[in-house]
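In what follows, a single structure is set out as structure tokens and then discussed.
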Amino acid sequence: MQDSYLHKGKRKILINYLRDKLGITDENVLNAINEIPRHLFLESIFADYAYEDRAFPIASQQTISHPSTVAEQTELLEVKEDEKILEIGTGCGYQTAVLIKMKALVYTIERQKSLYDFSKNKLRELNLFPKFQSFGDGFAGLPTYAPFDKIIVTCGAENLPTELLHQLKIGGKMVIPLGKFEHQTLYRFTKISEKEFEKEEFGAYKFVPMLGNTNV
Ligand code: SAH
Numbered sequence: 146m147q148d149s150y151l152h153k154g155k156r157k158i159l160i161n162y163l164r165d166k167l168g169i170t171d172e173n174v175l176n177a178i179n180e181i182p183r184h185l186f187l188e189s190i191f192a193d194y195a196y197e198d199r200a201f202p203i204a205s206q207q208t209i210s211h212p213s214t215v216a217e218q219t220e221l222l223e224v225k226e227d228e229k230i231l232e233i234g235t236g237c238g239y240q241t242a243v244l245i246k247m248k249a250l251v252y253t254i255e256r257q258k259s260l261y262d263f264s265k266n267k268l269r270e271l272n273l274f275p276k277f278q279s280f281g282d283g284f285a286g287l288p289t290y291a292p293f294d295k296i297i298v299t300c301g302a303e304n305l306p307t308e309l310l311h312q313l314k315i316g317g318k319m320v321i322p323l324g325k326f327e328h329q330t331l332y333r334f335t336k337i338s339e340k341e342f343e344k345e346e347f348g349a350y351k352f353v354p355m356l357g358n359t360n361v
């Protein structure tokens, strides 16, 4: 399947919805979502619905996040060109693609082998290249590449993964859903000093759980 005028037209409608109904104001976020063909990350049976604000099943019982969630998390991240961003939960690679389109240097980790393989192939096919793509457990972060300007977690952790906070630069931000399965609250942590963090809260969301180890 290819991108088409029909898909492009549907994306414009989605962008208007994200801007006017959800109040997304970061034009860089809206431009990136406008440019990434979300339908190509989904099974073809869902392609017609790819630009509705819906989550869909992907491999290994995981889900691609709603476009509104991707827009909100990305806006909260305040992405700037050339920033080093660590993403936990590559999934199908859609959020990764949005960050790369925004000219971030993206380091991403996925614990499901099937999704690691899928996203790697898909991003390459679309000429989108993360700086580093890892099959591993996001709880450990990527100490070799730390510190990061920003960290985005796309699965819900029951407890705050403190190792990730260590891997943030001073002044860096981490956007993460915390709480029990499907009853998470979205938070943004800003690292003020080695030991001090500002914590802001952004309402209720439903994410798949952040799990330990890897699954081949
Ligand atoms: N941003 C993704 C969302 C996928 S859902 C997308 O656009 O498709 C969240 C993903 O987090 C799932 O693929 C799940 O396997 C992954 N995940 C859960 N716990 C993880 C962990 N500890 N480390 C890395 N990935 C994890």
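Take the position in the sequence shown, starting the count at 1, then add 145; the result is the number in the working numbering. Idealized CB from N, CA, C, for every residue including glycine.
Counting the other Cβ atoms within 10 Å of the Cβ of Gly-283 gives 16 or more, which makes it buried. Per the coordinates, the alpha-carbon of Lys-267 lies some 9 Å from the alpha-carbon of Leu-273. Take His-184, set aside five residues on each side of it, and the residues of its chain with a beta-carbon closer than 6 Å to its own are His-152, Ala-192, Ala-195, in chain order. With 16 or more other CB atoms across the displayed protein chains lying within 10 angstroms of its CB, Lys-336 is buried.
Runs of the alpha helix (DSSP H) spanning 4 or more residues and lying entirely within the stretch 187 to 256 occur at 212 to 222, 239 to 246, in chain order.
If you draw a straight line from the Cα of Ile-169 to the Cα of Tyr-261, it comes to about 29 Å. Bounds of the alpha helix (DSSP H) holding Phe-263 are 258 to 270. If one requires a minimum length of 4 residues, no alpha helix (DSSP H) run lies completely within the stretch 277 to 301. Annotation: the continuous beta strand (DSSP E) that includes Leu-331 extends over 328 to 336. Taking all protein chains in view, the Cβ of Thr-219 is crowded by 16 or more other Cβ atoms within 10 Å, so the residue is classified as buried. For Val-174, the enclosing alpha helix (DSSP H) has its first and last residue at 172 to 180.
The nearest non-hydrogen atom of the ligand SAH is 8 Å or more from the C-beta of Met-319.
Annotation: Ile-321 is outside any alpha helix (DSSP H); the continuous beta strand (DSSP E) that includes it extends over 313 to 325. Non-local C-beta neighbours of Leu-305 in its own chain, meaning closer than 7 Å and more than five positions away in sequence, comprise Leu-323, ordered along the chain. DSSP lists no beta-bridge partner residue for Glu-308. By the C-beta density criterion, Arg-156 is buried, having at least 16 other C-beta atoms within 10 angstroms. Between the ligand SAH and Thr-289, a heavy atom-to-CB distance of less than 8 Å is absent. Residue nearest to Met-319 within the set Gln-329, Thr-330, Phe-293, Ser-338 is Phe-293 (criterion: CA-CA distance). Look at Gly-348 here: in three-state DSSP terms it is strand. Note that the C-beta distance between Thr-289 and Gly-234 is not below 9 Å.
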